[in-house]
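> For the protein sequence lines, the chains are H and F, in the order given.
Counted the way the numbering used here counts, the first sequence spans residues 437 to 725.
Counted the way the numbering used here counts, the second sequence spans residues 914 to 1231.
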Amino acid sequence: MMMEKLKERKASKLIGYGIIYTCLIILTLFTIYPILYVVFGSFKTNQELVLGGSNLLPTQFNFSNYIEAWKLANFGRYTLNSVFLSTMVMLGILIVSSMAGYCMARRDFFGKEFLYGLLISFMFINIGSVSLRPLFELAVKINLHKSLWGVILICIGMGQATNIFLVRGYMASVPKELDEAAAIDGCGFFQTFYIIILPVLKPILATVALLSFRGAWNEYILAQVFTMSNPAMRPLTAGVIALKSTGDGAAAWNIMFAGSAMSIIPILVIYLLASKYFMTGLTEGAVKG
Amino acid sequence: MSTLTSGFNKYKSKLQNSKGIKGGWDIPLILMMLPTIVLLAVVSIYPFMWLLKYVFYDYNGFKTYFIGLDNFKRVFTNDPIYWKSVVHTFEYAFLKLLFTMPISLMVAVVLNHHLKGKNLFRIIFFIPTVISAAVYSLIFYFIYSPYNGILNNMLMEWGWITAPIDWLGSSAIAMSSVVIVAIWGGFGNYMILFLAGLQSISQEVYESADIDGASKVQSFFQITIPMLGPILKVVLLLAITTALKDYQSIMVLTGGGPLDRTQVMFLYVYQLMFGNENSAAGQLQIGYGATVGLVSSIIIGIATAVFLKLSKKLDNIY
Chain H
437 MMMEKLKERK
447 ASKLIGYGII
457 YTCLIILTLF
467 TIYPILYVVF
477 GSFKTNQELV
487 LGGSNLLPTQ
497 FNFSNYIEAW
507 KLANFGRYTL
517 NSVFLSTMVM
527 LGILIVSSMA
537 GYCMARRDFF
547 GKEFLYGLLI
557 SFMFINIGSV
567 SLRPLFELAV
577 KINLHKSLWG
587 VILICIGMGQ
597 ATNIFLVRGY
607 MASVPKELDE
617 AAAIDGCGFF
627 QTFYIIILPV
637 LKPILATVAL
647 LSFRGAWNEY
657 ILAQVFTMSN
667 PAMRPLTAGV
677 IALKSTGDGA
687 AAWNIMFAGS
697 AMSIIPILVI
707 YLLASKYFMT
717 GLTEGAVKG
Chain F
914 MSTLTSGFNK
924 YKSKLQNSKG
934 IKGGWDIPLI
944 LMMLPTIVLL
954 AVVSIYPFMW
964 LLKYVFYDYN
974 GFKTYFIGLD
984 NFKRVFTNDP
994 IYWKSVVHTF
1004 EYAFLKLLFT
1014 MPISLMVAVV
1024 LNHHLKGKNL
1034 FRIIFFIPTV
1044 ISAAVYSLIF
1054 YFIYSPYNGI
1064 LNNMLMEWGW
1074 ITAPIDWLGS
1084 SAIAMSSVVI
1094 VAIWGGFGNY
1104 MILFLAGLQS
1114 ISQEVYESAD
1124 IDGASKVQSF
1134 FQITIPMLGP
1144 ILKVVLLLAI
1154 TTALKDYQSI
1164 MVLTGGGPLD
1174 RTQVMFLYVY
1184 QLMFGNENSA
1194 AGQLQIGYGA
1204 TVGLVSSIII
1214 GIATAVFLKL
1224 SKKLDNIY
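1) Write down every uninterrupted run of the alpha helix (DSSP H) in the segment 1061–1107 of chain F whose length is 4 residues or greater and which is fully enclosed by it, in chain order.
2) Let me know if Ile-631 (chain H) comes out buried or exposed under the rule of 16 or more other beta-carbons within 10 Å of its beta-carbon.
3) When DSSP labels each residue in this structure, what does Asp-971 (chain F) get in the three-state scheme?
4) Tell me the rounded alpha-carbon separation between Asn-482 (chain H) and Leu-704 (chain H).
5) Which residues of chain H have a Cβ atom closer than 8 angstroms to the Cβ of Gly-936 (chain F), listed in chain order?
6) Once you ignore the five residues that flank Glu-484 (chain H) on each side, which residues in its own chain have a CB closer than 7 angstroms to its CB?
7) Out of F:Ile-980, F:Pro-1171 and F:Thr-1155, which one is the CA nearest neighbour of Ser-1089 (chain F)?
8) Give the residues of chain F in contact with Ser-699 (chain H), contact being defined as C-beta atoms less than 7 angstroms apart.
9) Take Phe-1055 (chain F) as the anchor and find which of H:Tyr-473, H:Asn-510 and H:Ala-617 has the nearest alpha-carbon.
10) So for Phe-1236 (chain F), helix, strand or coil by DSSP?
11) Is the distance from the Cβ of Leu-521 (chain H) to the Cβ of Leu-571 (chain H) below 7 angstroms?
12) Counting beta carbon pairs with one atom in the segment 664–681 of chain H and one in the segment 599–613 of chain H, are three or more of them shorter than 8 angstroms?
13) Assuming Ser-534 (chain H) and Leu-637 (chain H) are in contact, meaning their beta carbons sit under 8 angstroms apart, how far apart are those beta carbons, in whole angstroms?
14) Mind pulling the chain H residues with CB within less than 9 angstroms of Pro-1175 (chain F)?
15) Where do the ends of the alpha helix (DSSP H) carrying Leu-1221 (chain F) lie?
16) Are any of the Cβ atoms in chain F nearer than 7 angstroms to that of Cys-539 (chain H)?
17) Quick one: list the residues of chain F neighbouring Ile-657 (chain H), beta-carbon separation under 8 angstroms, in chain order.
18) Between Leu-580 (chain H) and Ala-652 (chain H), what straight-line distance do the alpha-carbon atoms span, to the nearest angstrom?
19) Would you kindly work out how many angstroms separate the C-alpha atoms of Leu-1018 (chain F) and Gly-1101 (chain F), rounded to a whole number?
20) Using a beta-carbon distance below 7 angstroms, is Val-705 (chain H) in contact with chain F?
21) Output the distance between the C-alpha atoms of Glu-444 (chain H) and Glu-1117 (chain F), rounded to the nearest integer angstrom.
22) Taking the alpha-carbon positions, what's the Gly-1099 (chain F) to Thr-663 (chain H) distance?
23) Please confirm if Pro-948 (chain F) has its CB atom under 7 angstroms from at least one CB of chain H.
24) Going by beta-carbon coordinates alone, are Met-946 (chain F) and Ala-608 (chain H) separated by less than 7 angstroms?
25) Can a CB atom of chain H be found closer than 7 angstroms to the CB of Ser-926 (chain F)?
26) How about Leu-672 (chain H) and Ser-490 (chain H): are their beta carbons less than 7 angstroms apart?
27) Could you give the distance in angstroms between the alpha-carbon of Phe-476 (chain H) and the alpha-carbon of Arg-1035 (chain F)?
28) Alpha carbon to alpha carbon, how far is Trp-938 (chain F) from Phe-546 (chain H)? Give it in angstroms, no decimals.
29) For Trp-996 (chain F), which residues in chain H fall below 7 angstroms Cβ to Cβ?
30) Contact defined as beta carbons within less than 8 angstroms: I believe Arg-543 (chain H) pairs with Leu-1221 (chain F). What is the distance between those atoms, to the nearest angstrom?
31) Distance check for Val-676 (chain H) and Gln-1161 (chain F), CA to CA, integer angstroms please.
32) Three-state secondary structure (DSSP) at Gly-489 (chain H)?
33) Does the separation of the CB atoms of Ser-1209 (chain F) and Met-1178 (chain F) fall below 7 angstroms?
34) Which of the three DSSP states, helix, strand or coil, is assigned to His-1027 (chain F)?
35) When DSSP labels each residue in this structure, what does His-1001 (chain F) get in the three-state scheme?
36) Can you tell me where the alpha helix (DSSP H) holding Thr-1155 (chain F) begins and where it ends?
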């Protein structure tokens, strides 16, 4: 009697696991299929792409799409632009948010709560696409629209709040005695930050760096607006999507596939190497903040 | 020893002094906070002020005319496309949440158990979150393509359909196609948030429920959901506000078409301010776009407030 029940339980457990794994595998296929489609598709000839068909794999791997995109469609330039944009935004956000996070965690100053409130409320005030216009016109006025610096500064400004909160939250776990000891040794406020605190902040700064790099690498609309009249400044995202609306739609499928792959593969590799930081960045920012 | 204490006293008095004189602001602090304050002023506050001014103007990118409240009159009495887009925005957000929330929660609950390969699944499901929404929408644009796209070709080969379906061009299914892309791009994000919430529930609760004879399903509804209450609220809030302001993916997939069937609020604003593929630069309606943008933000604000009011219960359970 007892044995039978146990057996029954075991069997139903097995069936349960079977169902769970089946669902997970279906979801996995759903998730990775579009990525495999574009990566394998980027090795197909344009003829094969336009003919369609239901094959995921190319009949033979050829790299000519990448060569063509890189040389003829300006994707070499777009890649450089993306790397430049993302690196600068990352450095900018690292500098700005680590300094502000440290100040807001360690000092009491007039207007701190007000500033804090402003940072939070502008995270929630959604004027969405509206702010693009004034920022674009401002950039034109001060001549920042001819380079990527306008996009870089705006990306830093839009990304700073979340990252300041990440740093500030992390500072709470850094003992104040560390600052005091540094002060006794004669360090000033900035020196303490630079010599003592920055090395301690390394783990959270790794998260900040990855999140801000990803944000800038994936930025599309801002980059698209700012490079509308200046195609040479386009990063990969804007470059590849601009091809969609140019006249020769179907003729450029192979270039668009190669371009999309060029845009997603680098960030995917970074993610696979450091997935932990991407996920903690999300949860620390949202659940605690 | 004496130098030490005097050094410390100097530091202390410095702190106190600076507090007394300028409300705590000294030169290093000013220099370190300056970038943040300037960026906040330029990137966040300035556009907001600009918006408040231009809602009263007619502005086409070259000339501005003060027109008082005409823009508001037009929004509320004479713009069916906008109100259609409001309905579509809520339809889109509702459908997106209807599927993403249960999927993410279920997957999170499953992956919170000791399961072989759970880390691998976690990493895979989070992938869509790290790539550009614009680029994955472009990929789906290829997949959905009626004649060359792989989706129709596959379905036809399996014999499920006989003629190609125009996934993005038919007004009957365009919205569903757009929502599928949104689900693909969103569920991994919320899964990770739910997982973080689940990890804060102690295993002992489940063990004692198990001893008392509760089934897995029972403990899910009686323990997991109530204990997740506060986090569920935060995640829902995030999901709602994000879904209501989404427009990037739709812009790439359909541009709001066919016949405005997938037009959403902020895409409409964008097209008023920067034009769409078919309009020339002279047709921009920037002042009106600002007005539509303001009204849309207020609508989102109201939706958020309603949600917060309704969800008060989620806080009280635990």
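Idealized CB from N, CA, C, for every residue including glycine.
Concretely, from the data shown:
1) 1063–1070
2) exposed
3) strand
4) 25 angstroms
5) Phe-545, Phe-546 and Gly-547
6) Pro-494 and Thr-495
7) F:Pro-1171
8) Ser-1045 and Val-1048
9) H:Tyr-473
10) For residue 1236 (chain F) there is no data in the structure shown, the boundaries of chain F being 914 and 1231.
11) no
12) no
13) 6 angstroms
14) The sequence shown places Thr at residue 1175 (chain F), rather than the Pro named in the question. Within chain H, no residue comes near Thr-1175 (chain F); the closest Cβ sits about 16 angstroms away, beyond 9 angstroms.
15) 1199–1223
16) yes
17) Ala-1047, Gln-1161, Met-1164 and Tyr-1183
18) 18 angstroms
19) 10 angstroms
20) no
21) 26 angstroms
22) 28 angstroms
23) yes
24) no
25) With a pLDDT of only 49 at Ser-926 (chain F), under the threshold of 50, the placement of this residue in the model should not be trusted; the figure read from the coordinates follows. No, Ser-926 (chain F) does not count as interfacial toward chain H.
26) no
27) 23 angstroms
28) 7 angstroms
29) None at all; the shortest Cβ gap to chain H is about 17 angstroms.
30) No, Arg-543 (chain H) and Leu-1221 (chain F) are not in contact; Cβ-Cβ is about 32 angstroms, not under 8 angstroms.
31) 15 angstroms
32) coil
33) yes
34) coil
35) helix
36) 1138–1158
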